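Quick note on the working numbering: the sequence shown kicks off at 392 and runs consecutively. Cβ coordinates follow ideal geometry from the N, Cα and C atoms, glycine included. Given the structure is predicted, the values throughout are model-derived calculations rather than measurements.
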Amino acid sequence: MTATIIKSNNNFSSTIINKLLNIKPLMKFAKTRARKMIVKRAHLIGVNWEDNVQNLQNHDWETEIQTVENPDIIYPSYYLQSFHAYDKGNLSWDAAWELESAAYTVHSTVYSKTPQADGDRNLRKSYHQILKSEIPSNPQNILDLGCGVGLSTFALQENYSNSHISGLDLSPYFLAVANYQSKKKNKTINWIHSTAELTNLMPESFDLISSFLMFHELPQSAAKNIIESASKLVKKGGYFAIMDMNPQSENYKKMPRYVLTLLKSTEPYLDEYFTLDLSSVFVKYGFSNPKIISISPRHRAIISQKIN
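Written as structure tokens, this is what we have:
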């Protein structure tokens, strides 16, 4: 009975928050407030947000984006939403230039109530420790789905230095920054501008597909389609791994309503992600019943092997 009451109260709170966010002035206020909080926290941990953006702005990005952009892409409607307080979502230079600083800042409180500069590094380290403990052999071909500006892709390459690494994303702006950073780091990575639901990649060509913090940005229909697509790209016996927010986390269950409101103002599909039974979707598309492992007070790893 208690669990039922708690679930009912959470659903009621979520409904109220969603109704408030449908009021445009309140939505705008919430997004502005959320952004200010993040930038302020960045300065607390020594991330000079403005300088980082300025350094990236001083580059010939029009030439850079032509290197990676697929002009035949048709963007799905769900992707043309406002994400992370950017009106154009991931299809903007501002989102691309600020993503790395934002990652360091948002993850600064993952393991501590007091913001810490090493939060992002420790979160990625924890994920890769789980991957190596659950996957017995070194994967030769790895695909990073929703690679963003390459932070997760570079982490994969660092942990699997002898593997062939590809990074796929739907934002050419993100990929342009990723490609620029890979050249600076002298890293060889195959960057792919494509939807994750429908790619032109060879079937059964990857030993491991990894997705780091992408699924909470998807409606359920897209999430299911992407898992189905991944099942076609992974070799039999290969693995699909997801690192993302953990809906079962006590942190989210106890999160103050105003904080949840700010979070949801920047994450339009959060409710759909929190209510999606990912395990059943994995099994439906030929993967084993996945292992779900907590890797932080707010995050989980989901690892499954292709068996059919």
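Excluding the five sequence neighbours on either side, which residues of its own chain have a C-beta within less than 6 Å of the C-beta of residue i, listed in chain order?
i, result
"E595", "K626"
"I436", "S499, P506 and A508"
"H475", "T657"
"Q472", "G480 and P659"
Of the residues the options, which one's Cα is nearest the Cα of residue i?
i, options, result
"D635", "D662, M605, L566 and G480", "M605"
"E641", "S687, K427, I429 and I464", "S687"
"L490", "N550, E619, Y564 and D535", "Y564"
"K615", "K644, V568 and T666", "T666"
"I464", "N439, S492 and N591", "N591"
"L514", "Y502, S524 and P659", "Y502"
"I429", "A567, M593, S483 and A493", "A493"
"I600", "K504, G537 and P647", "G537"
Short of 8 Å in beta carbon distance, which residues of its chain neighbour residue i, apart from the five on each side in sequence? Order them along the chain.
i, result
"I414", "For I414, the predicted structure reports a pLDDT of 46, less than 50, and the residue's modelled location is therefore unreliable. A value from the coordinates is still provided. Nothing meets the Cβ criterion."
Tell me the DSSP secondary structure of residue i in three-state form.
i, result
"D485", "helix"
"V459", "helix"
"I429", "helix"
"K578", "coil"
"Y571", "helix"
"G480", "coil"
"I617", "helix"
"S695", "strand"
"K682", "strand"
"H584", "strand"
"D635", "strand"
"V625", "strand"
"V450", "The sequence shown places His at residue 450, rather than the Val named in the question. Coil."
"H434", "helix"
Check the DSSP bridge columns for residue i and list the partner residues they point to.
i, result
"N529", "Answer is none; N529 lacks a bridge partner."
"I556", "I533"
"L599", "I533 and Y630"
Once the 5 residues before and after residue i are set aside, which same chain residues still bring their CB inside 7 Å of it?
i, result
"N573", "Per the sequence presented here, residue 573 reads as Ser, with Asn not at that position. Cβ within range, chain order: G541 and I580."
"K578", "F545 and Q548"
"K682", "E525 and I694"
Roughly how many angstroms lie between the CA atoms of residue i and residue j, to the nearest whole one?
i, j, result
"D478", "D485", "10 Å"
"V383", "S524", "Any question about residue 383 goes unanswered here, given that the chain covers just 392 to 699."
"K623", "N461", "22 Å"
"A487", "N449", "14 Å"
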